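2 protein chains.
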Amino acid sequence: MSFIENLKKSWQQNNSLVCVGLDPDLSRLPSHFEKTADSILAFNKEIIDATHDLVCAYKPQIAYFAAISAEKQLEQTIDYIKLNYPQIPIILDAKRGDIGSTAEMYATEAFSRYNADAVTINPYMGYDSAEPFLRYKDRGVVLLCRTSNSGAGDIQDLLVDGVPIYEHVAKLITEKWNINNNCLLVVGATWPDQMSKIRSIVGDMPFLVPGVGAQGGDVGTMVKAGQTNDGTGLIISSSRAILYAGNGVDFATAARAETISLRDTINQFRNVISPSLS
Amino acid sequence: MSFIENLKKSWQQNNSLVCVGLDPDLSRLPSHFEKTADSILAFNKEIIDATHDLVCAYKPQIAYFAAISAEKQLEQTIDYIKLNYPQIPIILDAKRGDIGSTAEMYATEAFSRYNADAVTINPYMGYDSAEPFLRYKDRGVVLLCRTSNSGAGDIQDLLVDGVPIYEHVAKLITEKWNINNNCLLVVGATWPDQMSKIRSIVGDMPFLVPGVGAQGGDVGTMVKAGQTNDGTGLIISSSRAILYAGNGVDFATAARAETISLRDTINQFRNVISPSLS
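Residue numbers (our numbering), protein chains in the order written: chain A, 1 to 278; chain B, 1 to 278.
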């Protein structure tokens, strides 16, 4: 089954658009964890066990693992999800992008080594840098469009014939790159007007939405701007606000409560939610 | 000493603008190597020993290591250069780019874990995604501007007020991002006209130049387009054409010959080369 078909099932199954971002920062783990790479695996497992029935996806951020030589723990985190909660799609947040021969190696890293169901990609280098990922028809390729950070506009907002770059990127991907129907876009929660415009360009293409939680994007405005007619279309990612909701031994309970709160806040604004919860 | 000061010394010392790109692909190593991650370390060591007096820099491409779980061998490759040839700068080719808190982790990966002297970065996400790298004043930050690949123009050539994106990026970096004088740009050898224009915008800012060798950019045209008045300003990277020049046990001898040939071809077109060789 393709990534997007799996994602649709996952949205339904848990009645949730929430994605928990796994950004395990040793300096922020509860104090009962030792400062070792194995602690982030143990931390991730507790977070996953406490939230698996509340999310549509998990998104490990590879930088947090690479900074402390914890590639093995990233593999083990993904293996843990695949073994225990195989229905939940895993998006590797890596924002890779390089020329074709190197991009093939990055695709091997994401899809073979880590066995991720989808990976984030930077489109700046153009089609041939994305193609080695796009050819994996059953995986998702999540391309940066309008990111959530304060400097996003430095390049993405430059106007080409009166139209910002990020809209050109959205059109390019929709019209030319999405031949295998496996593209998604990163659209930050912090820019609801832009999100609404991008939605009008790309049809039902799913958005990975960072920027709620620690980054401060308003949930209701964003859901109304970005959802599809059936009340889905969004993978709303929160990392730090969930992972560090508590800092005691009960951190996973606090993370669960925060995830429920985000899921329910989001669901208030959805056009349609699954009958069992409506 | 800063990265750019070290680079200037290195250009002089070996009278060379050549950078050997370390893209060790197990499927292309000479047949006497076993297909193991340790083989790429052994391969890299022979390449380095055979070329250290001919180059201004080495550029390991992290994707080739990550695809086969060879992070340890990447660390060991860099350690080997630092130990034996400490005067030669090392550019980690990683093309990272993410929001601030994640970018800090990527900077830790490149500059602390791997101890690289410089790293390549994708500017699409804007200033705050580059700042965590830029604050390392003694390291180099090599930002994608006009890349060498065929699809480079998909986004980089879009015209903003009649000026292509890559020129806006060059201006932005020169005027706003280069406050610590540690920025460099990636400019592909395959686009000499664009390189010449970028040189006119950025003054003496060094260029990392992929695209000679396997990618086919013409050396003379490119050197004339991109060099600074003193005959430097370019880090001309060749990977596959050097690494796989031979495929027997004498591959390192073939790599050395290919590196000499590239160095000498480049030096024919330089405005000034060091007195000892001129």
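All C-beta atoms in this analysis are idealised placements derived from N, C-alpha and C, irrespective of residue type, glycine included.
All figures in this text were calculated on a predicted structure; none of them were measured in a lab.
Residue ranges of uninterrupted beta strand (DSSP E) with 3 or more members, entirely inside the segment 40 to 94 of chain B and ordered along the chain, are 57 to 60. Counted as a single uninterrupted DSSP element, the stretch harbouring S27 of chain A is not any beta strand (DSSP E), since DSSP gives it neither H nor E. For E104 of chain B, the closest alpha carbon among the candidates B:P89, B:A118, B:D128 and B:D93 is that of B:D128.
Out of A:I273, A:E131 and A:N84, the CA that lies nearest to the CA of I173 of chain A is found in A:E131.
Against chain B, the CB of T36 of chain A has no partner CB under 7 Å away; the residue lies outside that interface. Between the segment 217 to 226 of chain A and the segment 196 to 205 of chain A there are three or more C-beta pairs closer than 8 Å, enough to call the two in contact.
Distances from the CA of T108 of chain A to each of B:G217, B:V209, B:D25 and B:G211 were compared; the closest alpha carbon is that of B:D25. Spanning the alpha carbons of S69 of chain B and A66 of chain A requires a straight line of approximately 12 Å. Under the three-state reduction of DSSP output, G151 of chain B falls in the coil class, being neither helix nor strand.
Among the residues facing chain A, N182 of chain B is not included, as its CB has no counterpart in that chain under 7 Å away.
In chain order, G21 and D23 place their CB closer than 6 Å to the CB of S239 of chain B, counting only its own chain and leaving out the 5 sequence neighbours on each side.
For T108 of chain B, a Cβ of chain A is located within less than 7 Å of the residue's own Cβ. When only Cα atoms are considered, E34 of chain B and D38 of chain A end up about 31 Å apart.
DSSP assignment within the segment 192 to 222 of chain B yields the following whole alpha helix (DSSP H) runs of 4 residues or more, N-terminal first: 192 to 202. Cβ neighbours of Y106 of chain A within its own chain (closer than 7 Å, five residues either side excluded): R96 and D98. Taking the beta carbon of P123 of chain A as reference, the chain B residues within 9 Å of it are Y124, D154 and I155, listed in sequence order. Taking each of B:R256, B:S148 and B:S27 in turn and checking the Cα distance to K45 of chain B, the smallest one comes out for B:R256. Two segments are said to touch when three or more pairs of C-beta atoms, one from each, lie closer than 8 Å; by this definition the segment 145 to 161 of chain A does not touch the segment 109 to 117 of chain A. If you ignore the 5 residues before and after H52 of chain B, its C-beta comes within less than 7 Å of the C-beta of Y85 and I88, all in its own chain and listed in chain order.
Within chain B, M125, G126, Y127, D128 and S129 have C-beta atoms less than 7 Å from the C-beta of G151 of chain A, given in sequence order. Leaving aside the five residues that flank C145 of chain A on each side, the residues in its chain whose CB is nearer than 7 Å to its CB run, in chain order, Y166, V169, A170, L185, V186, V187 and I198. When the five nearest sequence neighbours on each side are left out, the beta carbons in the same chain lying within less than 7 Å of the beta carbon of A152 of chain B are those of R146 and G188, in order along the chain. Under the Cβ criterion of 7 Å, I40 of chain B is not counted among the residues facing chain A.
The beta carbons of S16 of chain A and R263 of chain A sit about 5 Å from each other, so the pair counts as a contact at 8 Å. Annotation for G140 of chain B: the continuous beta strand (DSSP E) segment containing it runs G140 to R146. The C-alpha of G248 of chain A is placed about 46 Å away from the C-alpha of G126 of chain A.
Listed in chain order, the positions of the segment 160 to 184 of chain B with a beta carbon within less than 7 Å of a beta carbon of chain A are V160, I165, H168, V169 and L172.
Scanning its chain for C-beta atoms nearer than 7 Å, with the 5 sequence neighbours on each side dropped, one finds around N182 of chain B the residues S2, F3, I4, L134, K137, R139, G140 and V141, in chain order. Just measuring C-alpha positions, the residue of B:P123, B:Y80, B:V212 and B:M205 sitting nearest P192 of chain B is B:V212. Burial state of K82 of chain B is exposed, judged by a 10 Å Cβ sphere holding fewer than 16 other Cβ atoms. As the crow flies, the alpha-carbon of S148 of chain B is around 6 Å from that of T190 of chain B.
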